[in-house]
Each structure stands twice: as structure tokens, then as C-alpha cells.
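Everything below concerns the one structure shown next.
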Amino acid sequence: MNDADQCSGAKSNGKGKPSTPTPNGLAQDVSNLGLQDVPKVKSKNLNVVEEFGKAKMKDAVSFVVVGHVDHGKSTLMGRLLYDLRVVDEKTVDKLRRDSKKIGKGSFALAWVMDATSDERERGVTVDIATKYFETEKTRFTILDAPGHQDFIPNMISGASQADLAVLVIDASTNSFEAGLRGQTKEHAMLVRSMGVQRLIVAVNKMDACEWSQDRFKEIQQQMTAFLASANFSSKSVSFVPCAGLTGDNVVVPVDSAKAPWYKGSTLIQELDHAEPTKRLLEKPLRMTISEVFSSSPNNPISVSGKVDAGSLQVGDKVKILPSGETAVIKSLDADGQPADWAVAGQIVVLNLALGELHLKHGDIICHEKDALKNVKEFTAKILSFEHIMPMYVDVHRGPMHAPGKIIRLVATLNKADGEVAKKRPKVIQPGVAARVVIELDEEMPLEAPNKIVLRADGRSVAAGLIE
Ligand code: GTP
Ligand code: MG
2 MNDADQCSGA KSNGKGKPST PTPNGLAQDV SNLGLQDVPK VKSKNLNVVE EFGKAKMKDA
62 VSFVVVGHVD HGKSTLMGRL LYDLRVVDEK TVDKLRRDSK KIGKGSFALA WVMDATSDER
122 ERGVTVDIAT KYFETEKTRF TILDAPGHQD FIPNMISGAS QADLAVLVID ASTNSFEAGL
182 RGQTKEHAML VRSMGVQRLI VAVNKMDACE WSQDRFKEIQ QQMTAFLASA NFSSKSVSFV
242 PCAGLTGDNV VVPVDSAKAP WYKGSTLIQE LDHAEPTKRL LEKPLRMTIS EVFSSSPNNP
302 ISVSGKVDAG SLQVGDKVKI LPSGETAVIK SLDADGQPAD WAVAGQIVVL NLALGELHLK
362 HGDIICHEKD ALKNVKEFTA KILSFEHIMP MYVDVHRGPM HAPGKIIRLV ATLNKADGEV
422 AKKRPKVIQP GVAARVVIEL DEEMPLEAPN KIVLRADGRS VAAGLIE
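Residue numbers for the sequence shown follow this note's numbering, so the first one is 2 and each next one is one higher.
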């Protein structure tokens, strides 16, 4: 674990842990753990909903940081954590020295988030990094996503856990324009179709355009028009000019000598206005595994992820889908702290005791009594990004994905009220809402209203909800 991880208590992110086993190593570890070795775990039989009420927890908000490659997402988050003193001076000094040594000095703050040697050498984020920080009223989870188009599946996995999104845009000459042709629009459309309504557009690298008000306005105007067409309500979108590298207007307001025209919020103030997550406490337990790793020799099998719905506690017997195998929760961390229980909205690490398993990234944990079902065929309401016809697609649900095909175009729908516009269309044009039937090559655990993304030939072609 690196220093930055220790500071933030972000145990759910196994990045940079040399001890994290490969999938094969894990299988080896697991096969060494015979059924007879599984320790008995006592449940305290807590009423978790009551415990949650007594705990008077802060509001919880998870946000995903998206945008075109290199627009400064990780640097901005590194800066935020540094200026909030979640990451200390000593850690950042070391990152500055180490990054300089390999000629990547400008990435020192990004390295707070980018912890693997691969990411550091290449200077790009590959997988979601999870970090935590608190303000007076809210406990925030940062999900820093990769911008590179090769890693969109990882970005989708982050977006599926988010309540709001920060879309980072590089304001410097030509960069904003390059982003529009690249992932700026694709990421915005994806987060919107994953149900994210609230968007903060961080107009970043303002130092590189001398804090030009004209440039800020130009970006704001173009993006406002595009976001309205992508179904974002103008009330839910705000724009904040900032510079992660220099730290202007992230936590500390920008100097009025630099930007006399700007009187609005800093990025942290804008985040603090966020509506807290509605916790679906009374629903059946659903948790999507975002990572499988070994947290210690005593805990060879740990999983991390967000509790999407319901609650869980130490001692609970859980079922894992799609395999249907069962396990017992030996111990757990909730939002980076050891805990007896956890509820919807929290990001957790579960240390599992089980006889044999084939766990993987994207699997879903539930209780046996109200477990999710595997399905082979389903209907979905989608918004198309490209032309859609009966075709092969990869179906993504959070980090899980499986090949399948669109077997029927049932109808196109009016975007405003969801009513049928045209039955049995031959093709669905880009930007049109539609109902389609999809058949999977293999069963996948799905239920309404899970959010899905359909991809073909390395591009996102549509996104929507299971009906
Ligand atoms: P991916 O995760 O790979 O998509 O990249 P990213 O968006 O996280 O960008 P990252 O933070 O890795 O920064 C990319 C480059 O932009 C680095 O060289 C940073 O130093 C530079 N950069 C980031 N923020 C700023 C800024 O505010 N001003 C200037 N001038 N450069 C910045
Ligand atoms: Mg990054």
C-alpha cells in the first residue's frame, strides 16, 4: 500500500498493492483453503437499519471524474486531496521526487490517484481509483476514471457507482476541441444514460489560457448546448473554472488579480451543494464487486465495491452471482473503517470465508432469501448513440459484461413521455430512444431497472435501463 492510500484509508482500491494476487494466484490461494478450514463466524444479529439510524452518519455522495484523456482529472483530484490535507506534504514531496526521476514531473499530483507502476510510467489512468474525503456535512467518495478510449469499460464501472459526475475539460488551445471529437461527449452521454443527473463541468487548466473569461464563456456555451441535447437539465449542470496543477479555485478561491471576472464557487463548494444519496435500505441486498484481492494473510479473499441496495453485517451468509456460490462475511470495512455492518451507499471491503469460489470483478453479492436471478433474454429501454439494428453487442452492467445480440427492435419511443412512437422499426437512428430485446450468449444476473451500456467494435452504441 502506498502512502497516499494510507492517508485516505482507501483500502477498497487494490491498486499498487504488490501483494494483490493474479486471478491464477488467487485460485491457488483459494484451493489451499479447504472447506474444513473455513472458520465459524458469529453474527451479532443486529437490526442494521436501526443501527444506521443511531449512528447518525454523515450524508454520502460518490462522484465519478470523467473526461477526455489528459484533461487533468487525476491531477485535479490529487490537488483536492492535497489542499484538504487528506494527503500530506511528505507524501506529495516524495511523489514529486519520484515522478521527476522518470521524467514525469508534471504528473506528481496525478500519482496521488494513479498508483500502479504501469499507470505511472505511461502517464495515463487505466482503472478506477477510489479515494475518500469529508466536508462538514458530507462524506465523499471519489471515483477517478480513465479518459483513454481503450479503458471505457472501466469508466463505465465507475460511472455505475456514482451519484454525480465531474466532467473535466482542458481549456487550453485546441484541447477542448480535441476532447469534443474524443471522449468529452461520449463520457457525458454515458454518465447521463447511467442515471447521473447532476453534472459539474470543471473547466480545467485555466492557467494555460491566462484565465481568459472569453475562453471560459466559449466552452460554457458550446457545452450547454450539447448537454441539453444529451438530456441534462440546465438546473443540474454547473460550470467551475479551475487549474488542478496550480490549485486555483479547487479548494482555495482563485486570486481576484488573476480572474477579476469570476465571483462563483470553488470546486469543493460546488461539490458540497450536492444532494445526498437516497439510501435504498429496505431493498434486498445488492452489491457489485469492483475488485477481488487479498487484504492480508488472514483474509485471502476480499472483495470491494459499493452496496447498491439493502444492508449487510458480519456473519451474513451471502450468495454470489452468476455462479450461485455462497460465502460468509468474516469481517468488513465500510468507507475505509472497520465495521460490523454496512448499508446502501457505502463503499465496502468484505473479507469472505468460503470453501471454494470463482469470484470475479463484476459479480453480484446478495442474500440467499431474495437473490437476483440469471437471465438469458431481456427487454431494455435504450438511448442510441449510433445506428442500431439487429446486431451483435457487448452488454455492460457495471463492471460485468457479456456478449449477446439485439434480436428485436420492438419500437422507437418519444423521449419526453416514453410512449411508443413507431412499432417494429428497421433501424434506430442515433439519438433516438427505443425498446429492444436482447439475447445473451450466456446467462447474466440482471433485474429492472439495472443500467446497461451496449458496445460494438470498441464503441458505445447505446445505453439504457432493463425493463
Ligand atoms: P487520464 O486519466 O489518463 O485520462 O488523464 P487525466 O485526465 O487524469 O490527466 P492527468 O491528471 O494525468 O494530467 C495530464 C497532464 O496534464 C499532466 O502533464 C498534468 O501536469 C497536466 N495538467 C493537469 N492539470 C493541469 C492544469 O491545471 N494546468 C496545466 N497547465 N496542466 C495541467
Ligand atoms: Mg487520470
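Beta carbons are placed, not taken as given, at the ideal position from N, Cα and C, and that holds for glycine. In this text, all values refer to a predicted model and were calculated from it rather than measured experimentally.
With 16 other Cβ atoms within 10 Å as the buried cut-off, status of Leu378: First, the amino acid is wrong: residue 378 is Glu here, not Leu. Exposed is the call here.
Does the beta-carbon of Ser158, which I'm using as the reference point, lie nearer than 7 Å to any heavy atom of the ligand GTP? Not under cutoff, so the answer is no.
Rounded separation between Lys424 and Thr413 - CA only: Those two C-alpha atoms are separated by around 7 Å.
Which of the three DSSP states, helix, strand or coil, is assigned to Thr225? Of the three classes helix, strand and coil, the one that applies to Thr225 here is helix, per DSSP.
Which value, in whole angstroms, describes the spacing of the CA atoms of Asp38 and Glu122? At Asp38 the pLDDT is 49, less than 50, meaning the model places this residue with poor confidence; the figure from the coordinates comes in the next sentence. Those two C-alpha atoms are separated by around 41 Å.
For the ligand MG, which residues count as neighbours when the test is a C-beta closer than 5 Å to any heavy atom? Listed by position in the chain, the residues whose beta carbon lies within less than 5 Å of some heavy atom of the ligand MG are Lys74, Ser75, Thr126.
State the DSSP-derived secondary structure class of Gly306, mapped to helix, strand or coil. Here Gly306 sits in strand by DSSP.
Our contact map puts Asp145 next to Val251 with C-beta atoms below 8 Å; I'd like the distance itself, whole angstroms only. About 14 Å separates the two Cβ atoms, so there is no contact after all.
Here's the rule I'm using: 16 or more other beta-carbon atoms within 10 Å means buried, otherwise exposed. How should Asp442 be labelled? Taking all protein chains shown into account, Asp442 has fewer than 16 neighbouring C-beta atoms within 10 Å of its C-beta and is therefore exposed.
Every unbroken beta strand (DSSP E) inside the stretch 148-230 [3 residues or more]: Listed in chain order, the complete beta strand (DSSP E) runs (minimum 3 residues) inside the stretch 148-230 are 165-171, 199-205.
Per DSSP, Lys406 forms a beta bridge with which residues? In the DSSP output, where bridge partners are listed per residue, Lys406 has Tyr393, Glu440.
Under 8 Å between C-beta atoms of Thr185 and His69: For the pair Thr185 and His69, the CB atoms are nearer than the 8 Å cut-off.
Taking the alpha carbon of Asp364 as the reference point, which residue from Lys370, Ser332, Ile330, Glu326 has its own alpha carbon closest? If you compare the alpha carbons of Lys370, Ser332, Ile330, Glu326 with that of Asp364, the shortest gap goes to Glu326.
Closer than 7 Å: Val252 CB and nearest the ligand GTP heavy atom: For Val252, the shortest separation between its Cβ and any heavy atom of the ligand GTP does not lie below 7 Å.
Label Tyr263 either buried or exposed according to how many other C-beta atoms from any shown protein chain fall within 10 Å of its C-beta, with 16 as the threshold for buried. With 16 or more other CB atoms across the displayed protein chains lying within 10 angstroms of its CB, Tyr263 is buried.
Please state whether DSSP places Arg456 in a helix, a strand or coil. Under the three-state reduction of DSSP, Arg456 is assigned to strand.
Does DSSP put Trp112 in a helix, in a strand, or in coil? Trp112: helix per DSSP, three-state reduction.
Under 7 Å: does the beta carbon of Thr247 sit that close to some heavy atom of the ligand GTP? Thr247 has its Cβ nearer than 7 Å to a heavy atom of the ligand GTP.
Determine the direct distance from the alpha carbon of Leu77 to that of Leu281, and round the result to whole angstroms. Straight-line spacing of the CA atoms in Leu281 and Leu77 works out to 31 Å.
Which same chain residues end up closer than 7 Å to Gly159 when comparing Cβ atoms and leaving out the 5 residues on each side of it in sequence? Leaving aside the five residues that flank Gly159 on each side, the residues in its chain whose CB is nearer than 7 Å to its CB run, in chain order, Val65, Ile129, Leu144, Ala146.
CA-CA distance, Gln148 and Thr126? Looking at the sequence provided, one finds Gly at residue 148 rather than Gln. For Gly148 and Thr126, the gap between their C-alpha atoms comes out near 7 Å.
Roughly how many whole angstroms lie between the Cα atoms of Lys331 and Thr139? When rounded, the separation of the alpha-carbon atoms in Lys331 and Thr139 is 29 Å.
Taking 7 Å as the cut-off, is the C-beta of Phe470 nearer than that to any heavy atom in the ligand GTP? Nothing can be reported for residue 470: it is not among the residues displayed for the chain, which extend from 2 to 468.
Would you check whether the ligand GTP has a heavy atom nearer than 7 Å to the C-beta of Gly432? In terms of side-chain proximity, the C-beta atom of Gly432 is found no nearer than 7 Å to any non-hydrogen atom of the ligand GTP.
For a quick check, are the C-beta atoms of His397 and Pro285 less than 8 Å apart? Not a contact, by the Cβ cut-off of 8 Å.
Reducing DSSP to helix, strand and coil, say where Gly419 ends up. DSSP places Gly419 in the coil class of the three-state scheme, outside both helix and strand.
For Glu468, does the three-state DSSP call read helix, strand or coil? Three-state result, Glu468: coil.
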